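*Asks:* First, the structure itself, so that you have it in front of you.
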Amino acid sequence: MSGASGGAGPGTVRRRRHTLYFLEWAAGQRPVHLDTDIDMTRIQEHRAAARERGARYSVVSYLLHTAGRVLAQHPEANAVMAPGWPGILRRPRLMRFGTVTGKLALDRPVDGERSVLSALVPGLEKASLAEIQERVERYRGEEAADLPEFKGVRMLSRIPAPLGRLAFAAALRDPAKRPGILGTVSVSSLGHRTVDGFHSAGGTAVTLCAGRIVERAVVRDGEIVPAPMMRLGLTFDHRVIDGATAADVLSALHQTMEDFDDGSREAAPEPDVR
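Next comes the structure, spelled out in structure tokens:
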């Protein structure tokens, strides 16, 4: 019997090896999922005002900006489970980080095939919205996979799978190096499609997942009015934080985005990515 016609070939699997190695490694997480609906009125007004000045901001930039401020206020969620001795001798150990690095999941072509790339945006606790947008924009182009930041991804797609697994595991063995590889908070968005909400586990203590912005009916001062609403999912690693802390983080994200304030710093014009 001949092989199945169509579909993906071995090359596609090679280009996704970095994702497969990550999923194998991340299987040790204990994900729990929360979500909330955010009124994006203030953010949409800010985006509209910025467009009038010639500046464009993506929704993920606002989310990264907010995540940096919130996790700086909740350092227990800006942490990672560090490996210890194997088996019953394992002593649970957490490592907290003094800076917030976002890991932004991007759908980008790699050798002509769609693939997921993880772009790092460091210093979120202090970065301005314009600085974040500039960094996001760097990863927007069709040739993003050729950037120096993704040299490791290209290498993992070329070496034999056993060596790739060993290399991936070795890179993550030292928890102090995790921010430079996986970031300290993961952010993903499917809002450019008809996706209201979703959840994923990005290998960090907290993963944020943004759906689309849709006009929905809400109650304000006893009146039913339309408002631009966005579903925000939060997945947390229960090994690192508990549900109460995760709920505090999600509540702070919710409030900060609904009351968005960029510190009145003006933005330079940047193309929109969503």
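In terms of our numbering, the sequence shown opens at residue 5 and continues consecutively. The beta carbon of each residue, even a glycine, is placed where N, CA and C say it ideally should be. These figures come from a predicted structure and were not determined experimentally.
Assign Trp-89 to one of two classes, buried (16 or more other C-beta atoms within 10 Å of its C-beta) or exposed (fewer than that).
*Replies:* By 1-based counting over the sequence shown, the position of residue 89 is 85. With a pLDDT of only 49 at Trp-89, under the threshold of 50, the placement of this residue in the model should not be trusted, and no figure is reported.
*Asks:* Would you give the residue range spanned by the alpha helix (DSSP H) that Asp-252 belongs to?
*Replies:* On the sequence shown, residue 252 is found 248 positions in, with the first residue counted as 1. Segment 247-262, the alpha helix (DSSP H) holding Asp-252.
*Asks:* Please classify Ala-214 as buried or exposed, where buried requires at least 16 other C-beta atoms within 10 Å of its C-beta.
*Replies:* Stepping through the sequence shown from its first residue, residue 214 is reached at position 210. So Ala-214 counts as buried.
*Asks:* Based on the DSSP secondary-structure assignment, which residues constitute the bridge partners of His-242?
*Replies:* Along the sequence shown, read from residue 1 onward, the residue named residue 242 stands at position 238. According to DSSP, His-242 bridges with nothing at all.
*Asks:* Please find out if some non-hydrogen atom of the ligand MG comes closer than 7 Å to the beta-carbon of Gln-48.
*Replies:* Here there are no bound small molecules, and the ligand MG is not part of this structure.
*Asks:* Going by DSSP, what residues sit across from His-37 in a beta bridge?
*Replies:* Here residue 37 corresponds to residue number 33 of the sequence shown, with the count starting at 1. In the DSSP output, where bridge partners are listed per residue, His-37 has Thr-239.
*Asks:* Across which residues does DSSP place Arg-197 in a beta bridge pair?
*Replies:* Translated into the one-based positions of the sequence shown, residue 197 becomes position 193. Answer by DSSP bridge pairing: none, since Arg-197 is not bridged.
*Asks:* Under the three-state reduction of DSSP, which class applies to Arg-139: helix, strand or coil?
*Replies:* Here residue 139 corresponds to residue number 135 of the sequence shown, with the count starting at 1. If DSSP states are grouped into helix, strand and coil, Arg-139 belongs with the helices.
*Asks:* Which parts of the region 165-199 are runs of the beta strand (DSSP E), unbroken and 3 residues or longer, counting only runs that do not cross its ends?
*Replies:* The region 165-199 contains these whole beta strand (DSSP E) runs: 189-193.
*Asks:* Please report how far the alpha carbon of Phe-26 lies from the alpha carbon of Thr-239, in whole angstroms.
*Replies:* For the purposes of this step, residue 26 is taken as residue 22 along the sequence shown, with counting starting at 1. For the purposes of this step, residue 239 is taken as residue 235 along the sequence shown, with counting starting at 1. Distance between the alpha carbons of Phe-26 and Thr-239 is about 17 Å.
*Asks:* Can you give me the Cβ contacts of Phe-264 inside the same chain, cut-off strictly under 8 Å, excluding the 5 residues immediately before and after it?
*Replies:* Here residue 264 corresponds to residue number 260 of the sequence shown, with the count starting at 1. Contacts found: Arg-46, Ile-47, His-50, Tyr-66, Thr-70.
*Asks:* If you follow the beta strand (DSSP E) that Met-159 is part of, which residue opens it and which one closes it?
*Replies:* Within the sequence shown, numbered from 1, the residue matching residue 159 stands at position 155. Run containing Met-159: none in the beta strand (DSSP E); it sits in the alpha helix (DSSP H), 155-160.
*Asks:* Let me confirm a value: Thr-208 is counted as buried when at least 16 other C-beta atoms fall within 10 Å, else exposed. Which label applies?
*Replies:* Counting from one through the sequence shown, the residue named residue 208 turns up at place 204. Under this definition Thr-208 is a buried residue.
*Asks:* If you compare alpha carbons, which of Phe-202, Val-84, Glu-147, Gln-259 is closest to Met-99?
*Replies:* Stepping through the sequence shown from its first residue, residue 99 is reached at position 95. When each option's Cα is compared against that of Met-99, the closest is Val-84.
*Asks:* What residues in its chain sit with their C-beta under 6 Å from that of Pro-126, if we drop five residues either side in the sequence?
*Replies:* Translated into the one-based positions of the sequence shown, residue 126 becomes position 122. So the list reads Thr-105, once near-sequence residues are dropped.
*Asks:* If Gly-237 sits next to Phe-202, beta carbons under 8 Å apart, how far is it from one beta carbon to the other, in whole angstroms?
*Replies:* Taking the first residue of the sequence shown as position 1, residue 237 is located at position 233. Taking the first residue of the sequence shown as position 1, residue 202 is located at position 198. Gly-237 to Phe-202, Cβ: 6 Å. Contact.
*Asks:* Would you grab the beta carbon distance between Val-210 and Val-140 for me? Rounded to a whole angstrom, and I think it's under 8 Å.
*Replies:* Mapped onto the sequence shown, residue 210 falls at position 206. Mapped onto the sequence shown, residue 140 falls at position 136. Not quite, the Cβ-Cβ distance comes to about 19 Å (not below 8 Å), so this is no contact.
*Asks:* Which residue's Cα is closest to the Cα of Asp-43: Arg-216, Ala-30, Thr-249, Leu-121?
*Replies:* Translated into the one-based positions of the sequence shown, residue 43 becomes position 39. Taking only the C-alpha atoms, the option nearest Asp-43 is Arg-216.
*Asks:* Please report how far the alpha carbon of Val-36 lies from the alpha carbon of Thr-249, in whole angstroms.
*Replies:* Numbered from 1 along the sequence shown, position 32 holds the residue referred to as residue 36. Numbered from 1 along the sequence shown, position 245 holds the residue referred to as residue 249. Going from the Cα of Val-36 to the Cα of Thr-249 covers about 12 Å.
*Asks:* Rounded to whole angstroms, what's the CA-CA distance from Leu-281 to Ser-122? Just pull it up for me.
*Replies:* One cannot answer for residue 281 here, as it falls past the ends of the chain, which runs 5 to 278.
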